[in-house]
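Engineer: Pasting a structure here, questions to come.
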Amino acid sequence: MNINQRCHDEEVKEFLSNALQMQLPKGSLQDILKDGTLLCDLISTLSPDGYIVKNDGKTKFAHQDNIGQFLREAERLHIPQSDLFQTVDLLEGKRMQSVVSCLLAIQRIMRERKLISNGIRFKKNKRFSATIIQEKHLIYRSPLKIDSFKPKISEGHVQSQVHSISSQTPPPSPPYTRRNSSEIDLTQVTAEQIMTNNRKASLKKMGSCAITIKNEDGTHSVYALGKSIGKGQFGEVFGGLNMDTGEYVAIKRIKRNQMDCDDMNEVGVLKHLNHEHIVRYKGFSKDRMYVNIILEYVEMGSLLNNIKSFGKFPEKLAASYTYKILSGLHYLHSQQVIHCDLKAANILTTKAGSLKLTDFGVSLTMKMKEDKTTGSPAGTPNWMAPEVIKLAGACTKSDIWSLGCTVVEMLTGRPPYSGMHSFAALYKIVEDKELPIPKNLDLSEVNTRWRS
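Residue numbers (this note's numbering): 81 to 532.
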């Protein structure tokens with residue numbers, strides 16, 4: 081852990097101690113927070129009317145439930161999605177920087193709402209503080225009054241100084257040789273050289289906003305980085321422009337110090353896929369600070385955004401979308417790939433009504449599945465298949481289960497067991513003998529067979 085991370089951890093610990101008015105137990109920040117109980121106490125302080133029921137169990141599922149409650153309540157309180165983290169970030173300590181960033185964001189909000197005092201001080205960079213003080217003195221300094229200055233130098237002394245300066249002769253200028261215009265052979269400058277020079281000038285202006293990737297044929301493509309179009313737990317997504325073709329793309333940027341094997345797994349899976357209902361992979365590059373994944377730009381955002389904007393879908397539209405998702409899944413499974421996290425948030429939509437499956441960070445190939453005998457459940461609780469929760473291993477049927485949950489999400493506006501805490505939902509999925517299909521769904525006679 082570097083010095084900055086250690087300072088941020090200490091800042092978070094001091095904030096929690098002040099906000100909860102208690103002395104924290106000793107240990108690392110992950111050890112203190114991973115059972116989720118302190119997070120539940122913190123969010124209850126921020127939202128006394130919130131419905132938080134701490135789970136005091138010692139199991140991993142109990143801890144996951146507490147962290148899930150904290151994140152849901154934080155989202156309900158309009159804490160930006162970009163400031164939140166994922167449960168696994170804290171449980172497994174993979175991205176503790178995301179957890180620290182989230183808690184520091186909550187600290188700012190609590191100060192704004194005056195739930196904690198602004199007088200709480202943390203260690204600051206002395207150099208930065210000194211700069212602020214100097215600027216403050218400059219801003220509030222009294223204005224100068226020219227009239228108040230009365231020079232005490234005699235008039236004769238001033239005249240002698242002026243005379244001595246004006247009497248000095250300037251140094252001779254170096255000889256200048258004018259180049260004959262006939263020496264410039266314009267016929268030697270080709271259109272290709274002009275275009276190359278113009279492109280170099282453009283890239284120089286872009287500076288760090290230019291991303292270069294090497295193509296399979298050995299050539300290079302340069303992308304200009306545009307505005308942010310979305311933030312998530314695994315980085316930030318920007319719009320990008322191919323400076324050769326003018327194609328608009330999505331550029332997923334992940335800080336190298338926050339990157340884990342899931343991010344590289346997404347690249348490894350996507351680069352071998354090519355289907356109309358799978359988001360297309362275009363390239364990959366990394367620099368000193370970032371890893372950049374270049375993806376197809378899908379203009380209408382996620383299916384979840386559409387549900388939030390327009391409400392639950394009619395049966396005909398849900399059936400059309402389901403057919404396209406099945407087409408994408410059929411291709412994935414034929415390529416020996418299991419998605420493992422299928423849900424409306426991971427399905428992108430186009431203006432023409434097509435769909436693209438995306439977010440392959442936790443996906444498995446069949447070979448990986450054979451090698452992976454233990455580990456934590458991968459996916460999102462309400463969409464998880466029973467065998468995944470039991471750690472029996474994901475399979476193609478697991479994706480079909482998740483698709484069924486996504487169909488319920490499209491038809492009702494929310495996934496199965498959405499009113500339950502994560503831990504209770506996981507238990508219900510495993511123990512329930514009935515499928516999680518709402519009984520009040522008004523389906524046509526043809527689709528009632530889906531229930532059976």
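A virtual CB, placed ideally from N, CA and C, is assigned to each residue, including glycine.
Please read these numbers as outputs of a predicted model, since none were measured by experiment.
Measuring CB atoms only, is the segment 401 to 408 touching the segment 458 to 477, in the sense that at least three cross pairs come out at less than 8 Å?
Structural biologist: The segment 401 to 408 vs the segment 458 to 477: no contact.
Engineer: Excluding sequence positions up to five away, which residues of its chain have a Cβ less than 6 Å from the Cβ of residue 315?
Structural biologist: 332, 333, 334
Engineer: Using the C-alpha atoms, what's the distance from residue 520 back to residue 394?
Structural biologist: 14 Å
Engineer: List the whole-angstrom C-beta distance separating residue 607 from residue 381, where the pair is believed to meet the contact cut-off of C-beta under 8 Å.
Structural biologist: The structure shown does not extend to residue 607, since the chain is modelled only from 81 through 532, so no value can be given for it.
Engineer: The beta strand (DSSP E) that contains residue 376, what's its start and end?
Structural biologist: 370 to 376
Engineer: Evaluate residue 513 with the Cβ neighbour count: other Cβ atoms within 10 Å of its Cβ, from every protein chain shown; 16 or more gives buried, anything less gives exposed.
Structural biologist: exposed
Engineer: Specify the secondary structure class of residue 143 as computed by DSSP and reduced to three states.
Structural biologist: helix
Engineer: Is the CB-CB distance between residue 487 and residue 402 below 8 Å?
Structural biologist: yes
Engineer: Hey, could you find the ends of the beta strand (DSSP E) residue 333 is sitting in?
Structural biologist: 328 to 335
Engineer: Below 8 Å between beta carbons: does that hold for residue 93 and residue 100?
Structural biologist: no
Engineer: Do you know how far the Cα of residue 83 is from the Cα of residue 494?
Structural biologist: 43 Å
Engineer: Report back the beta-carbon spacing between residue 153 and residue 112 to the nearest angstrom; my notes put them in contact at under 8 Å.
Structural biologist: Incorrect: roughly 19 Å between the Cβ atoms, too far for contact.
Engineer: At the level of alpha carbons, what is the spacing between residue 336 and residue 416?
Structural biologist: Pairing residue 336 with residue 416, the inter-Cα distance amounts to about 29 Å.
Engineer: Smallest Cα separation from residue 135: which of 126, 127, 146, 125?
Structural biologist: Closest by alpha carbon: 146.
Engineer: Which partner residues of residue 429 appear in the DSSP bridge assignment?
Structural biologist: 435
Engineer: Could you round the C-beta distance between residue 498 and residue 462 to whole angstroms and report it? I think they count as a contact, below 8 Å.
Structural biologist: 6 Å
Engineer: Reducing DSSP to helix, strand and coil, say where residue 399 ends up.
Structural biologist: Helix.
Engineer: Closest to residue 171 by C-alpha separation, out of 148, 522, 375, would be which residue?
Structural biologist: The shortest Cα separation from residue 171 among 148, 522, 375 belongs to 148.
Engineer: Comparing alpha-carbon positions, which option in 516, 329, 295, 176 lies nearest residue 309?
Structural biologist: 329
Engineer: With DSSP as the reference, label residue 299 as helix, strand or coil.
Structural biologist: Note: residue 299 maps to coil in three-state DSSP.
Engineer: Report the partner residues of residue 322 according to the DSSP bridge assignment.
Structural biologist: 303
Engineer: Hey, how far is the Cα of residue 127 from the Cα of residue 347?
Structural biologist: 40 Å
Engineer: Just to confirm before moving on: does the CB-CB distance between residue 141 and residue 503 stay below 8 Å?
Structural biologist: By the CB criterion at 8 Å, residue 141 and residue 503 fall inside the cutoff.
Engineer: Along the chain, where does the alpha helix (DSSP H) that runs through residue 124 open and close?
Structural biologist: 117 to 126
Engineer: Rounded to a whole number of angstroms, what is the C-alpha to C-alpha distance between residue 290 and residue 379?
Structural biologist: 22 Å
Engineer: Using a threshold of 8 Å, state whether the C-beta atoms of residue 177 and residue 85 are closer than that.
Structural biologist: yes
Engineer: Anyone know if the C-beta pair for residue 88 and residue 180 falls short of 8 Å?
Structural biologist: yes
Engineer: Would a C-beta distance cut-off of 8 Å place residue 359 and residue 438 closer than the cut-off?
Structural biologist: Yes, they are a contact pair.
Engineer: Per the DSSP calculation, residue 382 is bridged to which residue(s)?
Structural biologist: 428
Engineer: Going by the CB atoms, is the gap between residue 175 and residue 165 shorter than 8 Å?
Structural biologist: yes
Engineer: Straight-line CA distance for residue 60 to residue 522?
Structural biologist: Residue 60 is absent from the structure shown; the chain starts at 81 and stops at 532.
Engineer: So what's residue 168 in DSSP terms, helix, strand or just coil?
Structural biologist: When secondary structure is reduced to three states using DSSP, residue 168 falls in the helix class.
Engineer: Can you round the beta-carbon distance between residue 353 and residue 362 to whole angstroms, since I take them to be within the 8 Å contact cut?
Structural biologist: In fact, because the Cβ distance is near 12 Å, the residues do not count as touching under 8 Å.
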